[in-house]
Amino acid sequence: MSNQTHISEAALDDRRGHDAIRDARILIADDDPLCRQLVESVLRRRNFANLEFAEGGVSALEQSRSFKPDLLLLDMQMPDMSGLDVCRSVRADPDLADIPILVQTATFDRKKMGELFAGGASDFLSKPVNPSELIARVVVHLERWNSLRELRNYRERISRELEAARRMQFELLPSCASLSEFAEKAGMRIGSYNRPSSELGGDLWGMLPIDDGAFGMFLADFTGHGVNAALNTFRLHALIHEYKNLHHSPAALLSMLNERLVRLLPPGQFATFLYVVVDHRRGELRFASAGAPPAILVQSLAGRPRFCEGTGLPLGIEPGARYQTYKRKFPEGSLLLLFSDGLPEYPDSFGERIGDEGLLNVLNACHAGLAPHEVIDRLCAAAGITGQATLPDDTTIICIDRRIAAPGEKTSSVAEAKASGSPRPRRSSLIMDIKHGYRC
Amino acid sequence: MDIVAERDPLLDPDQIELLRDALGEEELVRMLSQLPAAAADALQKIRECLAAADLAETRKAAHVLKGFSSSLGAARLSAVACEIEVDLATLADVEARMPLLAETVEATIAAVAEMQEHP
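Protein chains in written order, with our numbering: chain A, 3 to 442; chain B, 97 to 215.
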């Protein structure tokens, strides 16, 4: 027994349990019945059982479409249609474009061999048939094909699952309808933008009803991106809603969340967190920060934007960390901007970041008539964030607006909708766009 | 005996051995037992094509003979068929080769029979 045969047999023994290879559909196309039989005998001897045969090029093509082989063994020279033409036609068929095609040929002509590979042959088998070579090449190409298929199936399944997870995560966010309702009751407008850097993100924001005169707004940003960070957002969402009795008290809520997350999160994982109670009845903001980028506040129509500085360790790092509740006035005519660090730190096409000062400048230039989503659009545009851009970090922006819409403004202000008595206009294209972010 | 044919054995022991390893003795014998009829058919086909003065079809028939005979280890028969398919330019050249082809078919059939009797 030759070494080559011995190696093939040993390799095949190792894969004896590999049903996918053994059950592979193989189409053998050769106009010569003796050659078909010889190839069949060699393959059957190695337990390949799912074989079909074509007696010419035309039938090879037809049977490729009906049998959908996992591998096509093709004789180069057949009377009705050459192996090369079959090869080209098979490759042109989207359903068959990727299957391995092994062409049997006695030629060593460099030009013909070149045409063969250019025509889509995966490999060639020399004639006369060498059984060891036949088995080795069939196995290697079937394994490759199987790996490719498994990889594709895996990728498709993961994509579907990520998509489902992404939708679930999206459902954690306030819906546009509930956001509008909150805003309407509070006599203000709220715009939002949330876009993960990959399929799943580590940003989470939400609105917490407190009473008729106040609501809470939080923005969390977990370390990292992807599945890990996203799972943490689900944990945090559950925790936040577990402590409803603390929603009116920012520092107390952060302390409690920190204690819980310290126990839950492994070392190296933590979250920045900003929680603001918007008390529109008193015209006041109460907020606490756990290492979050400071919100920007504009306190009157002619006011200048200023950062609401607040200190505190990110959540989940140190047990017993203390947080402080800060207060700011939030009269009518004010605007509050919450954002995750994905916004100021987004590198534009020149690698430049808009930074904190850049955000202040944009807000300074936004006139009072702009609706919150327009303010957000301007901030994104100034930062260089476009619909097509890939974000290096999850990005969330929330704009809470107590300013009066400027006369003649065509945006979907609550005030307009109320005044006209018509239902709130729907901006369906702005509501949800998985690729380009969720916006309200 | 012609030079082309002389350089190849009637049955190529290496190819036969490869087939024996891959198929086992019984299946090898079964495959080889089909060679005489297939070779005789191919010879007849070549004769018909020659009679029809169709060089292209003659070459195709020779190609088929070359293919199965080489794979089944009938090296000399494959070499003669290959010469007809590839090297001979005219019908007259092929015609001149027919005695050798017929002789080689007969000798191959005899060699196969001998091998089957004394494996």
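For every residue, glycine included, the Cβ atom is placed at its ideal position computed from N, Cα and C.
Comparing C-alpha distances from ALA99/A to each of LYS114/A, ASP111/A, GLY116/A and ASP72/A shows the shortest one belongs to ASP72/A. Judged by DSSP secondary structure, GLU145/A falls within the alpha helix (DSSP H) whose first and last residues are 133-174. Below the 7 Å Cβ cutoff, chain A contributes GLN79 as neighbours of HIS159/B, in chain order. Neighbours of ALA203/B across chain A, judged by C-beta separation under 9 Å, do not exist; the nearest C-beta is about 19 Å away.
Under the 8 Å criterion on CB atoms, GLN140/B is classed as non-interfacial with respect to chain A.
Taking 8 Å as the CB threshold, ASN49/A stays off the interface with chain B.
If the five residues before and after ALA149/B are omitted, its C-beta is found closer than 8 Å to the C-beta atoms of LEU187, all from its own chain and listed in chain order.
The three-state secondary structure of ILE101/A, taken from DSSP, is coil.
For ILE242/A, the uninterrupted alpha helix (DSSP H) run begins and ends at 228-244, by DSSP. Following the DSSP letters along the chain, one finds VAL201/B in no beta strand (DSSP E) but inside the alpha helix (DSSP H) bounded by residues 187-213.
Interface criterion met: the Cβ of MET127/B is under 8 Å from a Cβ in chain A. Counting along the chain, GLU179/B sits inside no beta strand (DSSP E), nor does DSSP assign it H or E at all. By a beta-carbon distance limit of 8 Å, SER336/A does not contact GLY386/A. Their separation comes to about 28 Å. Runs of alpha helix (DSSP H) with 4 or more residues, each lying fully within the region 342-407 of chain A, are found at 357-367 and 374-385, listed in chain order.
Counting along the chain, the unbroken alpha helix (DSSP H) around ILE142/B starts and ends at 131-147. Of all C-beta pairs linking the region 123-136 of chain A to the region 107-115 of chain A, three or more are shorter than 8 Å, placing the two stretches in contact. Sorting VAL41/A, SER61/A and ALA185/A by C-alpha distance to the C-alpha of ARG404/A places ALA185/A at the top. Linking GLY203/A to ALA367/A through their CA atoms gives a straight-line distance of about 31 Å.
Bounds of the beta strand (DSSP E) holding PHE220/A are 216-224.
Listed by position along chain B, the residues whose Cβ is nearer than 7 Å to that of VAL44/A are ALA118 and LEU119.
The C-alpha of ILE402/A lies about 14 Å from the C-alpha of PRO176/A. DSSP places ARG103/B in the coil class of the three-state scheme, outside both helix and strand. Apart from the 5 residues on each side of it in sequence, SER291/A sits with its Cβ closer than 6 Å to the Cβ of LEU276, GLY312 and GLY314 in its chain, given in chain order.
By the rule that beta-carbons nearer than 8 Å mark a contact, SER84/A does not touch chain B.
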